[in-house]
Structures are given as C-alpha cells and as structure tokens.
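Each remark here refers to the structure printed beneath this line.
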Amino acid sequence: GPQHVLLSTEAEILIENLVKFPIKEIGSPRWQKQHEYLEKINMQSLVSASANEDEFVKELLISLGKVQFIIEDLISIEVWKQFVFSVIVKTNFKPPTTIPIYMVLYHEATVANLLETVCFHKEPLESADETVLDLLDYCYRKLSSVVGETEEEEDETTESSSTLDELQKQARKMNFEIAVKAVSILRYITDAIESLPLSTSGRLMNTHNIPCLLVELLEHPPWTKRRGGKLMKYIDSQWQQVVGPDALQLTKIEGQVWLALYNVLMNPICISKYNFSSFNKEQILKLRSHMNEVLMDQLPVLGQLQAYLQQLSMTEPAAPKSDLILEQLPEVRDQIMRENTGKWKAIAKYQMKNFFNPKPEEIQQQAQRLADTYNFDVIESLISEPPKCACCGAEAAKRCSRCKQEWYCKRECQVKQWEKHKKVCDVMKERST
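Read in order, the letters of the sequence shown correspond to residues 1 to 433 in UniProt numbering.
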C-alpha cells in the first residue's frame, strides 16, 4: 500500500492543536513548526485520497471544527504575500538563506492543496459555515489574477538576479499553481451549493459574475500556451507538449472549468439569481463554439448544457428574483486588514530581523527539518506515472544527482537542459541538503 505520513491518532493531536497566528508572527519558529504539521496533514490527506482509503484527515477537520481555521489560515498568508512580502522584496535585504521566506510562500500552496483534497466532499464545505464565502472570494481573486495571462517565460538574459528576485519568481510560479487548485475548489463549491449558506449563490452569480469569469478562462486559458509553434498544456503541475489528438483530450483543469459552468448554469438556485444582461448573455453564448463532439464524448453531461444554450439564444430569460435574505458578507480578510493596516512596513522590518535572517546553526536545523517535512518518497509514490525527460519528453530513467527532482532519458538531454535547470536545482538542493 501507499506510505503513510501520519497515523490517525497523530493527525488528531496535530489538528486539535492548530492555532491562529497574527500576521506579525507568520514565519516565527512556532509558526514554522505548525507549517510542518500542516504539510504532513496535507500529505496524509493526499495519500488517503489517492489510495481510496479512509480519509481520516477530512473527518478530523470536520469533527474538530477546524475547516474554518484552514480557510482563515489560507487568507492570512494571501494577505501576508500582498502586503508584507511586497515590502520585503523592495528592500535590499540579503538573507543568508531563503528557506524561511520560501516556507511562508509555500504555505499557501500547502493549505490550498489540503482544501482542494478535502473539499471534493461537500461535508467540509458545509462545516465551514459562512467562511465558505471567504473561500469563494479567495478563489475569485486567484482566478482573476491569472485570467488571460500565461506563466511568464523564464528570462534567460538576467544572469545575476538577486535572491529576492528569485523568490519573486518562485512566488509568481506558485500563484499559478494555486490558481489551478482554486479552479477545483470553486467547482466543489458549485457542487455543494444547495447545502451552503443562502448568500453563497448570490455572491457567486452577481457579486463575482462567476459564469463570465469561467467563460473567460475557457476563451483565454492561462493553462495553455504556444511555445515556438508547439502547443503546451499545464498537466500534473508541469507544462507538457501536446500533439495531435491529445490536444483535444480534456485536462483535469479544463474539465473542472466545464463542470463548474455546468453547475452554475444548470442549477435553478444559481440561475434564478442571475442577471442576464445583454453582455452576460453574449458571453455565455460564446460557450457554444467550444462544444464539439470530442468534448461531448468526454463529458456527456454537457449535452444538457448545450440544449440549454440553444434555448437561451432564442429567449429573454426572466429578470433575477430580488432576494429578501440579508446578504451575509465574508469577514475574514476584512478583519485581518483592520488589525494590520498601517503596520505592514513595521511588520516586514520585524520579520526580516527576527525570522528571516537565521544564524548559521539555525539554517542547518531548518534545512534538516525541511528535508524531513517534504517527504520526497511520499511525493514520488503519489506521482506514480513513469517520469518524463525534462528536455525531450521521452520516458526517463536517469535523474539529476544534485536535487533528485529532474529526470532525463540520456546524458545529452541533461546537458542541454542544465542552463534552465540550474536555478531550480540550487533551490531544491538547498531544500533537501
């Protein structure tokens, strides 16, 4: 069977003892410890889900009432990145290692990943109560930040990029990864809409106009790009070249976008709230040009959506019902902002001095703990497909001996790829030595 990271008794103790940190304490030794716990909890939840085993992490998060905490934690890191990290990168801070800052950046991916895994089931979303509105807003912000743009090409010309530039690059890359997870989380919210707070559907359809955002993601997908005449798609956390019939094969992300669209347009609760302005209607009818046989074969349920669009093109939909319910509003982010506004510079200064500038002996400990936390064996067992050559895409048996992260089919490919790989290699090596 798969390797376990935590026993359920261990997971219970860790989950029970999760605590909320003020923004100022993000990156502190106690915070780092909790980051490690959350990474282990995340890993275990992935292992259980991939092996179709008892998902005890999900059950514990619900029974111990910690789903709200996880959502709050996610949003506090998002705020930290926007207002504290952005101050740090503008300084001339030259830390001896980037491990502690990298850990904070990585934390958002860890928590988003945990939510993506557990929210596949609707019970965690139900137990989040009105914090689900905060999660919805978070997904909206993430997707808005990537819509219409692809991951930037690495600029090979800048040789001497500073440590902080490197971190910013990492942060951008991570933001893209997290946006991909946000697509899934959004789809799971639309799956569960009947059992979520009443305000959720109005916020989804009106406040954020999610139908149009999803259309935009289909029309200009950030997870597809052309590189030197080749079609690349973002699959399993990496860019892969797709050729011939594979280009029409739905990737997981594309499937999630379609299913979310199906949910919001076919669900009476959602559609009764929607304002079909001429702009909205025109956007939604653009979906028809994407609906071909190959798509329908892969997602037969879209047949109903196609019929609905046909009907929509010929009718004027009813005006939205006005709601008499009191709109609940997401409060998590607002509260964090109220507590910290005006203090960002002071917080950044405090963290650079106390958390992000470790002494040599602390660096050793941190690196060791990091190597223990990101359990590479488990990560490997989760990525069960045969590795592909990072250079030509053929099946690969050799891997980079320094970082153990990149695979090659032959020596020539490794040499060819080295310039590109070197920067990543240094970071990965720093993480695992």
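Where a beta carbon is used, it is the ideal one built from N, C-alpha and C, also for glycine.
Anticipated Cβ contact below 8 angstroms, residue i with residue j, distance rounded
i    : j    : result
D137 : Q68  : The Cβ separation is near 14 angstroms, so there is no contact.
H220 : G148 : 5 angstroms
E108 : K81  : 7 angstroms
V57  : I71  : Not quite, the Cβ-Cβ distance comes to about 15 angstroms (not below 8 angstroms), so this is no contact.
A260 : R141 : Their Cβ separation, rounded to whole angstroms, is 16 angstroms, which puts A260 and R141 out of contact at 8 angstroms.
V118 : L143 : No, V118 and L143 are not in contact; Cβ-Cβ is about 20 angstroms, not under 8 angstroms.
L299 : G255 : 7 angstroms
A112 : I189 : Actually they are not in contact, since the Cβ atoms of A112 and I189 sit about 14 angstroms apart, beyond 8 angstroms.
I336 : V79  : 5 angstroms
E327 : I269 : Actually they do not touch by this definition, with Cβ atoms about 15 angstroms apart.
A213 : M266 : The residue asked about is misnamed: residue 213 is Leu in this sequence, not Ala. Contact flag wrong, Cβ pair sits at about 17 angstroms.
Q366 : P360 : About 11 angstroms; that fails the 8 angstroms criterion.
Cβ neighbour criterion (16 or more within 10 Å) applied to residue i
i    : result
S384 : Per-residue confidence for S384 stands at a pLDDT of 41, beneath the threshold of 50, marking its modelled position as unreliable; no derived number is given.
S73  : Residue identity check: residue 73 is Asp in the sequence provided, not Ser. Buried, since its Cβ has 16 or more Cβ neighbours within 10 Å.
G1   : With a pLDDT of 48 at G1, under the threshold of 50, the modelled position of this residue cannot be trusted; read the value that follows with caution. That one is exposed.
F85  : buried
E55  : buried
K230 : exposed
E39  : buried
G27  : buried
E395 : exposed
E406 : buried
D134 : buried
S401 : exposed
CB contact flag (residue i, residue j, <7 angstroms)
i    : j    : result
K345 : V87  : yes
V5   : M43  : yes
L61  : A11  : no
I13  : L115 : no
Y408 : K416 : no
Q168 : V257 : no
K286 : V215 : yes
H290 : L198 : no
P29  : F356 : no
K233 : V243 : no
V132 : L196 : yes
N354 : I23  : no
F93  : M352 : yes
Residue i - partner residues in DSSP beta bridges
i    : result
W239 : Y234
R369 : In DSSP, R369 forms no bridge with anything.
K225 : M232
Y408 : K398
Residue i at chain C interface by Cβ criterion, 7 angstroms
i    : result
Y188 : The displayed structure is made up of one protein chain only, and chain C is not part of it.
Check: residue i C-beta below 6 angstroms from any heavy atom of the ligand NAD
i    : result
A367 : As for the ligand NAD, it is missing from this structure, which has no ligand bound.
Contact between the region 166-174 and the region 204-212 is defined here as three or more beta-carbon pairs at a separation below 8 angstroms; is this criterion met? Here the region 166-174 makes no contact with the region 204-212; the two share fewer than three CB pairs at distances below 8 angstroms.
Given 8 angstroms as the limit, is there contact between the region 93-112 and the region 48-58, that is, 3 or more CB pairs closer than that? Of all C-beta pairs linking the region 93-112 to the region 48-58, fewer than three are shorter than 8 angstroms, placing the two stretches out of contact.
Under 8 angstroms: do the region 283-301 and the region 244-251 share three or more Cβ pairs, one atom per stretch? Yes, they touch.
Could you say if the region 219-239 and the region 265-278 meet the contact criterion of at least three C-beta pairs nearer than 8 angstroms? With contact defined as three or more Cβ pairs closer than 8 angstroms, the region 219-239 and the region 265-278 are not in contact.
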